[in-house]
Structures are given as structure tokens and as C-alpha cells.
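Chains as they are written, first to last, in this note's numbering: chain A, 1 to 236; chain B, 237 to 459; chain C, 460 to 684. What follows is a single structure, written as C-alpha cells, with notes after it.
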Amino acid sequence: MSYAIECKDLTKRFGDFKALKNVNLSVDKNRILAILGHNGAGKSTLIRVLSTIMHPTEGKVFIDGKELKEDDTLLRSKIGLLSHNSYLYSNLSAKENLKFYSSLYNLKDPDKRIDEILKKVNLYDRRNDRVGTYSRGMTQRLSLARALLHQPSILLLDEPETGLDRDSMELLWEIVRTDDTERTVIFTSHNFQSTVKICDEFIIMKKGSVVHRQDNNGITESDLEKIYSEVNEGKK
Amino acid sequence: MNYWKAVFAIAKKDVISELRNREIISSVLLFAVLTLIIFHFAFTADQKTILSLAPGMLWVAFAFSGVLSINRAFISEKEDNCMEGLLASPVSRDAIFLGKAIGSIVFMLIIEIVVFPVFTLLYNVSVINPIVILVTLLATIGFVSIGILFSALAVNTRAREMVLPILFLPTVVPLIIAAVSATSVILDGGKFSDITQYMLIIVAFDIIFVTVPFILFRYIVEE
Amino acid sequence: MRRRTLIAFGISAVMIIVALVMVFIVCPTEATMGNIQRIFYFHVPVAWNAFFSFFVTFVFGIVYLKTRNPKYDFIAESSAKIGLVFATLILLTGMIWAKPIWGVWWTWDARLTSSLVMWLIYLAYFIIRSYISEEEKKYRFGSIIGIVGFIDIPIVALSIQLAPTTHPKAMIFNDGLHGTMLLTLLLSIAAMFAVYFLFMFLYYDLRTDEYEIARMKKRLLKEND
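Pasting the structure below:
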């Protein structure tokens, strides 16, 4: 069986700065993987490369055993992405935004799917309001709806909790875990509490490399904190 | 086909989103009309002179309001940080280019629809002629297409709004020459067969400057 | 200074002297225009070279986009820089030539106008590069402008040529040009090509050195951190 995601010797260079250094990472299907690390460790860059927004300088990415190429639109439609930016147009309503993305993802019966996902993120009542009038939490929820719209088998979340209150955070994770499709989830986070609660395994990145990987077998928040600081302060 | 569905979805989204932003579209239209009005103060001319200046006046109005409008094409993506959302979706880069270009062509058409009757009304010179309109429509395609490529480039530089005109205006010189000359000939009572040379330039420009940006666009939006 | 630069310098020096001797001593004075016509042996080679420079920028723009090796952008940029200098000289010599012949410094003649538009496009090339802070993006956008700009030149020339012009028709390979005159012109063109390569080596080496120094500086700063 092939991995959901496999990175081989992934390197991303910005001028002389290496944001990713020979990253090798494979993730089994239907797993939830957390990526931890300081700012600038390469977490976001990795997510961006996996989502095809960014080209790796060297190395390859495989999705379900197939190499991910820029013009492979079919493979790209298996990926859902939630990042710092909402990717929503503030002049359009929630419904119009999702309608737009459903044409890009070529969904069959988009109206049904849009209503369904809007209900799931508790925005159905405000579906015709412009996104510009939404609060941060509502925008983030709609953004998640946008990422899940085409039922991707791989979901990439780049610090999804930024700026969210506790309730929105819980709703977000609940939706990610209970949405009907089987999927692999990769998320970056600074929040140890939700990380230990949600992930199946986690990796720690440091200066563009994956320096630690571990299964989550009932690890506690303080254990994780200890491992995290050991890895970051300890031997290079 | 899925490709064209995405292209038209992008174009439609741009048109709806920009029309809803009423300040922008009304400012651009007002600017176009103001250009026409400024001409009156710049040269107080008799009817005959106006007739010979008309094609140039039209194209100065199109070129300057076109720069304003085309500059907007990617600023809206940038303001909402949506470009990455487009890039991550299963749509090829050239489809994004075509969608953007079609959206901006619609805006140019709106400008032209306003400028033609206003010009006719203000200067009492009828520029509404089927061949003149055909010339304008054909010239609009290449004009917007190369403009969109440069607009995508401009939005990624430090001086956004300044970049487009200094690069765009010299590049579209052939279109402006051909469109102005063709319009002159027609307003002077010439026939379509008198402007074939100019039409060829316009069509050649359209073909070349739809193809080249279509190929090069991906190199601008990549990271 | 590198060896190839010295060689290019030697060749250009010799060729310029030969060309100057041809232009001012050997070549007969043109019948209608008189001595001022001799500027022709500078004006035309400069025009050919400007066009050639921008062609090099075009080719290496494509090569850069395909390979992403900064080296190729340095070639493209150096060539555009020389091209812009040559294009400026086209305009200046054109004006000097126009004054006694047509009585005005500037005339909207087809070829002068085309050269002006070409000059504006490559001026924009450099202005826009200066607006971009990231190196890689500077190379990438530079390549794109270099490609589009070059493709535009013939269309500009063609569209402008549809208007009536006072510029002398190209008559190099008809009987219009006296044998010695043709030889002088060809020698001048060759000399100008040698000058092109001399400047090319100088600019390119300068640009690569600049790049290397910037890299070393960055590395040193990092080590001292």
C-alpha cells in the first residue's frame, strides 16, 4: 500500500537560505500528523510545498504513490488547504465564495454540497452575507468549509487555531475529525494541548529539517513540552 | 469542459466582486469621462479638427482608464490574499490567466460602452460606427491580455501602481497606432478595405500577445 | 581583468582604429549630404548592435526561465544594459544627423520613433528591476520583460512604418551604396560588435563578482551570529 503523502529529499531554497533541508517524510493513510517547531523552522514552507503553491528546489512529493507535478490538476483536487489566509473574497457572500471554488474543483451538484458544509460549520443562516462582515472565527470556519468543500483525501492545516477562541477551536477539530470522508490530516501548531488531544503522531522541525518523530501513545501535554524543549535546545 | 468552466468562474467572480465595489468602477468611468472633458480645455478646436482628433482622444481615454482598470486585476486577489487559493486549486496557471483576462475585457467593454456615447454627445461627432466598434473590440483583446501579464508582474513589485503604465504604454504602441489610424480612415469616410493593413497589425498583436502571456503567466505567479 | 576581456579590448581597439581611418580618410564624401553623412557609419552599427543586444537578452531570458541559473540572467541583464546605451546612442546620433539634414533635432520619423519606443521599453526593464528586492524574482521578472519587449520591437516597427516617413530607406545591399562605403559600413559594424563583446565581458564579470561578494558577505554575517 502506498503512503498518503511521501516526501523525498525535499529542499527549498530562497536565495542562499534553505527553508527545507532534505526532508524525508511519509505519512500513512487516515492518520493525523502534527508538525511542531519554532517560527522559521520550515513548517509553513513544508505545507506550502505539499499544497503545490510552492515548488521545491529539489526533491519530490508523492500523493497516493503518484508524483505531484504542477500541472497535475487531478492530484491537486485531492488536497484541501487551510492557511493563515482565508482565500475568501470579502466582496462575495459565503455562498458565492463556495460556489466559485466548487467550479474550480469541478464539483457535481455543488448546491447540495455547499448547503451541507455550510450547515456543518454553523454558517448556513448567514450564507448570503458578505464575508467582509464576518468575524475572525466565522471567517476561519468558512475557510475550513472551503478547504473541505471538495472532500479532499488529504487536508493540510497551517496553524488553523491562530486567532480562534476556545469554542471555535473545538468546533474546528470536531469538524475535521467527524467529516464523513476518510482522510489524512497534517497540521502545524504551537498549541501542545490540542496537539496531544488530536494527533496520531507528531514531528518536530528545526531549521528546515525533521529532527524528531513520535507516535502519540497517550502522551501528556507536559511530556510533549519536555520533548519539544529537549529537541530544540539539545544536540543539533 | 472543466478547463473553461474554471476560466469563466474566475472571470465571473472578478466581474461580480468588482461591480459590487462600486467606488472602483464608478471612479474608473468618471476618470474616462473626465479625460474626454479635459480635451475640450486642452484644445478648443472647430468641428473639423475634432473629427481628426477624435480617434486619438478616444484611445487616450481608453489607454489611461484601461491602465487604472487593469491595475485592479490582481490587487483584489492581493487584498484578500486569495492568489494562493487559486494556485492551490486544480486549475492550471494559464486558465487563471484567461479568466483574469476575460474579466478585465468585460471591464474595458464597460468603459468603452460609456465613452462612445459620451464622446458623441459632448463633441457632436458620431464615433458610433460598426467598423469603428469592431476595431475597438479587436484592439481591446490584445490590449487587455498583455496588460494582465504586466499587472500580475506589477502587483508583485514594491511600486505596484507605477509599474504597469511605464511598461504597458510603450508595449501597446502598435495597437494604439493601428487602432487610431484605422478609426481615422473610417471616420473620414473610408471603407473596410482601406484599413486591412491596420486590421492585420491588430490581429497579429492579438494573436502574439494572447499566446505569449498565456505561456509566461506561470512564471510570474510561481514561488 | 580576465584574459578574454584583454583580448576583446585589443581586438576592439584595432578595429576601431581601422574603422575610423576608413570613415574619415578612405571613404569619399557623400554627394548630397556632405560630411555629416559620415555619422551614418556610427548610427547604423549602433542600431544593429542595440537590436543584437536585446536579442541576447531575449534568448538568455528564456534560458534563465528554463534553468534558473542566475548566471544566465547576468548575461541577459548585461546585454540589456549595453543595448540601452546603444539605443540611447541611436537617438543621439539620429538627432545630430537630423538637425543639418531635416532642420530639426527631432522628427517623428518611423525609425527614430521605433527606436524611442524600444528605448522606453528597456528603460522600463531597468526601472522595474530596481523595484524588486528579492534577487530571484528580479531575475525572473527581468527575463519576462526581456522576452515580451523583444517580441514587441518588430510589431512596433511595422506599425510605425505604416505612417509616411522621411527616413532614408535601407539601401545597403542595392547599388545605392558605393563599394568603399559598403566596406566601411561593414567594418564599422564589425568594430561595434567587438565593442559589444568587450563591454559584455566587463559587465558580466562585474555582475558575477558583485553576486559572489554579496554571498560571501551573507555567509560571514551568518557565521558571526
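No residue lacks a Cβ here, since even glycine has one placed at the ideal position from N, Cα and C.
Tell me whether the beta-carbon of residue i lies closer than 8 Å to the beta-carbon of residue j.
| i | j | result |
| --- | --- | --- |
| R130(A) | S86(A) | no |
| V408(B) | I369(B) | no |
| S301(B) | F267(B) | yes |
| A583(C) | L403(B) | yes |
| F352(B) | V363(B) | yes |
| S512(C) | G542(C) | yes |
| D611(C) | I580(C) | yes |
| G15(A) | G208(A) | no |
| G80(A) | P152(A) | yes |
| S26(A) | I47(A) | no |
| F343(B) | E254(B) | yes |
| I175(A) | V121(A) | yes |
| I422(B) | Y359(B) | no |
| A245(B) | S51(A) | no |
| S102(A) | A242(B) | no |
| C486(C) | M651(C) | no |
| Y655(C) | N508(C) | yes |
| P160(A) | F187(A) | yes |
| S222(A) | A34(A) | no |
| T376(B) | L345(B) | yes |
| I384(B) | I306(B) | yes |
| A569(C) | V563(C) | no |
| K99(A) | P110(A) | yes |
| R329(B) | V457(B) | yes |
| T552(C) | F501(C) | yes |
According to DSSP, residue i sits in a beta bridge with which residue or residues?
| i | result |
| --- | --- |
| I114(A) | DSSP, once it has assigned bridges, lists no residue as partnering I114(A). |
| S209(A) | K206(A) |
| E6(A) | S26(A) and F62(A) |
| E201(A) | L33(A) and D215(A) |
| G80(A) | L155(A) |
| F187(A) | A34(A) and L157(A) |
| G493(C) | E489(C) |
| F17(A) | F14(A) |
| E67(A) | F62(A) |
| R239(A) | An answer regarding residue 239(A) cannot be provided, because it is not within the stretch 1 to 236 covered by chain A. |
Round the Cβ separation of residue i and residue j to the nearest angstrom and send it over; I've been treating them as touching at under 8 Å.
| i | j | result |
| --- | --- | --- |
| S420(B) | P291(B) | 5 Å |
| G605(C) | F517(C) | 6 Å |
| A415(B) | T372(B) | 7 Å |
| M467(B) | L270(B) | Given that chain B is displayed from residue 237 to residue 459, the structure contains no residue 467(B) and the question cannot be resolved. |
| S573(C) | V615(C) | 5 Å |
| I549(C) | V505(C) | 5 Å |
| L171(A) | R141(A) | 7 Å |
| T464(C) | L657(C) | 7 Å |
| K206(A) | G37(A) | 6 Å |
| I438(B) | L411(B) | 6 Å |
| T45(A) | L20(A) | 6 Å |
| L400(B) | F386(B) | 6 Å |
| R308(B) | I260(B) | 6 Å |
| S77(A) | P326(B) | 4 Å |
Going by the C-beta, is residue i closer than 7 Å to any heavy atom of the ligand MN?
| i | result |
| --- | --- |
| M651(C) | No copy of the ligand MN appears in this structure; indeed no ligand is present at all. |
Contact list for the segment 27-53 of chain A against chain B, Cβ threshold 9 Å: R48, S51, T52 and I53
The segment 167-183 of chain A in contact with the segment 200-216 of chain A per 3-pair CB rule at 8 Å: no
Inter-stretch contact at 8 Å, needing at least 3 Cβ pairs: the segment 446-456 of chain B / the segment 328-341 of chain B: yes
Against chain B: residues of the segment 98-113 of chain A by CB proximity under 8 Å: F100, Y101, S103, L104, Y105 and N106
Stretch pair the segment 192-203 of chain A + the segment 215-232 of chain A: three plus CB contacts closer than 8 Å: yes
Stretch pair the segment 71-78 of chain A + the segment 117-129 of chain A: three plus CB contacts closer than 8 Å: no
Chain C contacts from the segment 56-83 of chain A (Cβ-Cβ distance under 7 Å): none
contact_flag[the segment 533-540 of chain C, the segment 659-668 of chain C] where n(CB pairs < 8 Å) is 3 or more: yes
Sufficient close CB pairs (3 or more, under 8 Å) joining the segment 4-14 of chain A to the segment 51-66 of chain A: yes
The segment 97-116 of chain A touching the segment 140-151 of chain A, judged by at least three CB pairs closer than 8 Å: yes
Contact the segment 467-487 of chain C vs the segment 644-653 of chain C: 3+ CB pairs below 8 Å: yes
Chain-ordered residues of the segment 369-392 of chain B with a beta carbon less than 8 Å from chain A: none
Members of the segment 287-317 of chain B that neighbour chain A once the beta carbon cut-off is set at 7 Å: D316 and N317
Cβ contact check for the segment 218-233 of chain A and the segment 313-327 of chain B: 3 or more pairs under 8 Å: no
Near-chain A residues of the segment 665-677 of chain C - C-beta to any C-beta below 7 Å: R674 and K677
Residues in the segment 521-543 of chain C having any Cβ partner in chain A nearer than 8 Å: none
Contact list for the segment 581-594 of chain C against chain A, Cβ threshold 9 Å: E593 and E594
Interfacial residues, the segment 549-574 of chain C to chain B, with Cβ spacing under 7 Å: none
Interfacial residues, the segment 598-621 of chain C to chain B, with Cβ spacing under 8 Å: R599, F600, S602, I603, I604, I606, V607, G608, I610, D611, I614, V615, L617, S618, I619 and L621
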